[in-house]
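Using this note's numbering, the letters of the first sequence map in sequence onto residues 1 to 450.
The block underneath contains the structure these notes are about, expressed in structure tokens.
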Amino acid sequence: MAFVDIRDLKKHSGKTVEIHGWLYNKRGSGKIQFLQVRDGSGFVQAVMGKQDVSEAEFNAAKAAGIETSVEITGEVREDARSPIGVELTCRKFKILGESKDYPIQITEDVPNIDWLLDRRHLWLRSKRPHATLRIRSEVIQAIRDFYYNKGYVLFDSPIFTPASCEGVSTLFEVPYFDEKAYLTQSGQLYGESGCMAFGKVVVFGPTFRAEKSKTRRHLTEFWMVEPEVAFLELDGIMDLAEEQIRYVVTRTLERCKEDLKALERDTSVLEQVTKPFPRVSYDEIQKLLAKLKEEYAKSSDPALVKLSGDILKQGFGDDLGAADETAVGMHFKQCVCIHRYPRHVKAFYMKKDPVNAERAMCVDVIAPEGVGEIIGGSQREENYDELMAQIKKHNVPMDSIDWFVDLRRYGTVPHGGFGMGVERCVQWISGVDHVREAIPFPRTIYRTKP
RNA sequence: AGGGGUGUAGCUUAAUUGGUAGAGCGUCCGACUGUUAAUCGGAAGGUUCUUGGUUCGAGUCCAAGCACCCCUGCCA
């Protein structure tokens with residue numbers, strides 16, 4: 001007899017089937033045992049009456065601890081009390097692997113996240129990480145399908161790189177035979193060479209940042225999707241970013257209903273993703289923020305008054321701060337594209353705005369609900385002389401980037417792309433508080449284990 | 001890197017002015033044939049983060065250290 005996935009049990013109503021899995025929870029008496037079994041596809045209750053099985057089987061079930069792995073044969077029976085509509089009447093029960101004193105309990109008193117992350121290899125079995133990581137899986141598959149269906153070539157960039165792509169951020173240095181290498185912090189420069197060969201490429205892989213960030217938005221190792229397209233200019237880049245986010249969110253809403261429900265995610269803001277994203281320039285956003293700052297200062301809500309104090313802290317001409325992004329998200333209640341930031345706060349490879357030399361042809365997509373920046377992108381500087389000037393200005397070491405400059409020497413064209421942080425996207429969609437819940441084994445400044 | 005905070009049983013936590021470290025959950029034992037985070041009865045479980053100091057007496061006060069969390073900055 002073949003094992004049946006718990007999610008498919010309803011199709012076998014009235015029949016005798018075999019399932020295997022782990023005891024998620026159980027309760028019972030001297031005469032009946034209620035065994036909650038999970039197999040990764042779903043949860044079902046197997047009901048074991050004392051007369052249904054041998055005495056040895058009954059006693060084994062009674063003594064089994066949480067997370068014992070089991071094989072159960074039983075009849076699938078419809079029951080209105082079951083959350084999945086069916087139960088199993090247990091006929092045979094076999095223990096595959098014992099489990100005593102399982103450390104993680106099902107409880108209202110949620111242990112702190114650090115304690116749980118120390119046991120992440122086990123915590124993965126619990127409902128909350130299970131739902132979050134299923135959403136992650138769907139998000140990643142949606143991203144891959146989106147680009148595949150649009151004819152993009154999947155273009156893998158190297159993990160070992162010679163030096164900084166952006167010049168400023170801290171890189172992880174690793175010994176590389178007799179030399180030094182660095183773990184990539186972006187595949188973009190390689191993506192740019194890819195798009196000159198294939199037109200439309202997408203880089204999708206892990207990236208590493210050695211910044212000592214200690215916030216709920218940062219990881220030292222995270223996954224990034226980076227499309228790069230030849231002949232695409234800033235408006236087209238915003239179109240692509242918007243279309244991609246819309247596709248990923250609507251598809252996850254459709255296909256992960258149960259997981260979102262398990263996480264008690266209010267999806268009303270996510271559903272706004274079908275509307276066009278407001279596109280606001282940096283200069284316009286400054287005016288809006290000044291207005292919001294004034295408005296929030298008068299609020300009776302102390303949280304808004306505090307936020308008001310933090311808005312526009314950075315001053316005009318500087319990058320936006322976290323409070324600014326929160327205020328923008330609160331105002332629009334959906335994703336917003338902010339474009340044409342001051343050039344001096346952005347990376348060297350971004351194209352100068354032909355209308356205002358102080359501005360860069362770039363765009364950040366800010367997600368609402370306090371998640372902040374999930375996409376950063378730009379049209380790239382395609383002019384050789386302009387690019388060289390920027391490289392010098394930013395002190396990018398020429399000997400590690402000379403190959404990149406070749407792209408402007410041999411048939412340069414307008415082009416651009418963006419990077420989206422997969423974990424931040426998953427964090428937003430699933431509504432989990434911390435980006436570390438959005439990846440199976442998070443790496444942060446103080447955590448490389450398990 | 002800067003600012004703020006926390007550390008008591010496996011987990012969540014209480015402990016008045018410095019005066020016997022207590023509870024809920026989990027675990028173990030027992031009861032219960034319809035429980036859904038079951039219920040009821042009982043038991044075990046503590047170097048109060050570490051070291052030093054003040055005191056008749058320290059979970060509580062002081063100092064140093066360790067660990068982690070949150071926020072800011074950097075970014076995705």
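Built from N, CA and C at the ideal position, the CB exists for glycine as well.
query: Neighbourhood of residue 120 by C-beta distance below 7 Å, restricted to the same chain and skipping five residues each side; result: 441 and 450
query: With 16 other Cβ atoms within 10 Å as the buried cut-off, status of residue 430; result: buried
query: Buried versus exposed call for residue 173 [16 or more other C-beta atoms within 10 Å across all chains shown]; result: exposed
query: Terminal residues of the alpha helix (DSSP H) in which residue 57 lies; result: 55 to 63
query: Bridge partner(s) assigned by DSSP for residue 77; result: 87
query: Pairwise C-alpha distance: residue 104 and residue 452; result: Nothing in the structure corresponds to residue 452, since the chain is present only between 1 and 450.
query: Bridge partner(s) assigned by DSSP for residue 350; result: 380
query: Cβ neighbours of residue 52 in the same chain (closer than 7 Å, five flanking residues each side left out); result: 89, 90 and 91
query: Beta-bridge partners of residue 200, as assigned by DSSP; result: 229
query: Member of 219, 288 and 409 whose CA lies at the smallest distance from the CA of residue 336; result: 288
query: DSSP-derived helix/strand/coil call for residue 434; result: coil
query: Buried versus exposed, by CB contacts within 10 Å (16 or more), residue 224; result: buried
query: Proximity of residue 358 and residue 343 at Cβ, strictly below 7 Å; result: yes
query: Nearest candidate by alpha-carbon position, reference residue 232, set 199, 259 and 222; result: 199
query: Beta-carbon gap between residue 183 and residue 222 smaller than 7 Å; result: no
query: 3 or more residues per run - each beta strand (DSSP E) lying fully within the stretch 294 to 359; result: 336 to 339
query: Supposed close pair residue 243, residue 191 - CB separation, criterion 8 Å; result: With 8 Å as the limit, residue 243 and residue 191 do not qualify as a contact, their Cβ atoms being about 18 Å apart.
query: CA-to-CA distance, residue 9 to residue 86, given in whole angstroms; result: 7 Å
query: Option in 320, 327 and 404 with minimal Cα separation from residue 162; result: 404
query: Alpha-carbon to alpha-carbon, residue 390 and residue 168; result: Low confidence applies to residue 168: its pLDDT is 49, below 50, so where it sits in the model is not reliable, and the reading given next is rough at best. Cα-Cα distance, rounded: 13 Å.
query: Inter-stretch contact at 8 Å, needing at least 3 Cβ pairs: the stretch 302 to 309 / the stretch 248 to 267; result: no
query: CB contact flag (residue 374, residue 421, <7 Å); result: yes
query: Rounded C-alpha distance that separates residue 522 from residue 43; result: Residue 522 cannot be examined here, being either before or after the span of the chain that is shown, 1 to 450.
query: Same chain, Cβ closer than 7 Å to residue 369, five either side skipped, listed in chain order; result: 269, 329 and 428
query: Per DSSP, cross-strand counterpart(s) of residue 443; result: In DSSP, residue 443 forms no bridge with anything.
query: Assigned exposure category for residue 78 - 16 Cβ within 10 Å defines buried; result: exposed
query: Neighbour-count burial assignment, residue 316, 16 or more Cβ in a 10 Å radius; result: exposed
query: Own chain, CB closer than 8 Å to residue 20, minus 5 neighbours either side, in chain order; result: 3, 39, 69, 70, 71, 72 and 96
query: Validate contact between the stretch 380 to 387 and the stretch 238 to 256 using beta carbons, cut 8 Å, 3 pairs; result: no
query: Cβ neighbour criterion (16 or more within 10 Å) applied to residue 123; result: buried
query: Cross-strand partners of residue 281 (DSSP beta bridge); result: 339
query: Start and end residues, alpha helix (DSSP H) containing residue 264; result: Unbroken run through residue 264: none, as it is neither H nor E.
query: Residue 423 (DSSP reduced to helix, strand or coil); result: helix
query: Sequence-distant residues of the same chain with beta carbon closer than 7 Å to residue 407, five excluded per side; result: 192, 193 and 196
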